[in-house]
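Here the structure is laid out as structure tokens; the discussion comes afterwards.
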Amino acid sequence: MKAYDRSWPKQSSHFSVHRTSGLDSESKLIYSHIKEAGNEGIWTKDLKKHTNLHLNVVNRCLKVLEQKQLVKAVKHVKWPTRRFYMLYELTPSSEVTGGAWYTDQELDTDFIDTLASACYKYIYSRSFPRGDRNVIFKADYGHYPSAAEVKRFIHEKRISSVELSTTDIVCLLDLLIHDDMIEKKMPFAGFMDDEGDSDMEDGGGVEWVYKAINRNVTSTTASDGGIDALSEVPCGKCPVFKFCTADGPISPSNCEYFNKWLNF
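Residue numbers (the numbering used here): 485 to 748.
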């Protein structure tokens, strides 16, 4: 919860005095603290605490402010039994409403399932040659989708009528990761773009990519660029594989092919 000063809040230069004209001092004090809370709102008991007014006085002032359409009561998804107030013209923050995943303060599981399914199908289509899970792309394949690309797909296909942020999409992808349906990967070095979209809204950090998990890998070889699962690792086609040991002259630690595969 946001900490508040018990003293009278400072008024901004944009404070409209005429809006509170005609109010008594207690109502003006209540209004000022509600205004300071912004679009996160403030709980009635916190109003009582920070104004040192009796709860009956607080409730009377709130009733007057509501009648004048200066403030409004809102429900908080984290504390549904508590009554929060904010200025009448403000839109509650996602912290209050629950963001894209809540409808009327209720978790919209159908909406989440629909979007998660669409995200998975899109990632799956980009994870295997022609969508065939029996074959996989080579290690240098650089077209696994990022969260920004998944977001763009959802928007272009008009799957959601709600405006989703990259952070919202990452939440869905984390859900799929938890369900062992996809995995999060570092992008292949040759396809990393310093100016590309990132999983972060501010564009900073690494642009992670996502790959559908293949739970049914076989040794089938694709004719369109796919290879079998064992051959994705260089060891699968190494002619001296049987001589490779951890402490021998040929080992994973000094293998130039293995290091190259890991992008060292």
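Ideal Cβ placement from N, Cα and C applies to all residues, glycine included.
For residue i, the three-state DSSP class (helix, strand or coil)
| i | result |
| --- | --- |
| Leu659 | helix |
| Gly604 | This sequence places Tyr at residue 604; Gly is not what is there. If DSSP states are grouped into helix, strand and coil, Tyr604 belongs with the helices. |
| Val634 | helix |
| Glu647 | coil |
| Asp686 | In this prediction, Asp686 has a pLDDT of 46, which is less than 50 and means its spatial position is unreliable; what the coordinates show is noted afterwards. DSSP places Asp686 in coil when its eight states are reduced to three. |
| Val701 | Per-residue confidence for Val701 stands at a pLDDT of 49, beneath the threshold of 50, marking its modelled position as unreliable; the derived number appears in the next sentence. Coil. |
| Thr581 | helix |
| Thr575 | coil |
| Arg610 | coil |
| Asp664 | coil |
Per DSSP, cross-strand counterpart(s) of residue i
| i | result |
| --- | --- |
| Val693 | Ser630 and Lys669 |
| Tyr586 | Leu591 |
When you compare the segment 616-634 with the segment 552-560, are there three or more beta-carbon pairs, one atom per stretch, that lie closer than 8 angstroms? no
What are the complete beta strand (DSSP E) segments, minimum 3 residues, inside the segment 495-573? 555-558 and 568-571
Touching by the beta-carbon criterion (3+ pairs, under 8 angstroms), the segment 507-522 and the segment 568-575: In this structure the segment 507-522 touches the segment 568-575; the number of beta carbon pairs closer than 8 angstroms is three or more.
Quick one: any contact between the segment 572-590 and the segment 529-545, if contact means 3 or more CB pairs under 8 angstroms? no
Counting pairs of Cβ atoms below 8 angstroms between the segment 653-665 and the segment 631-645, do you hit three or more? yes
Answer yes if the segment 536-549 comes into contact with the segment 507-517, meaning at least three C-beta pairs across the two stretches below 8 angstroms, and no otherwise. yes
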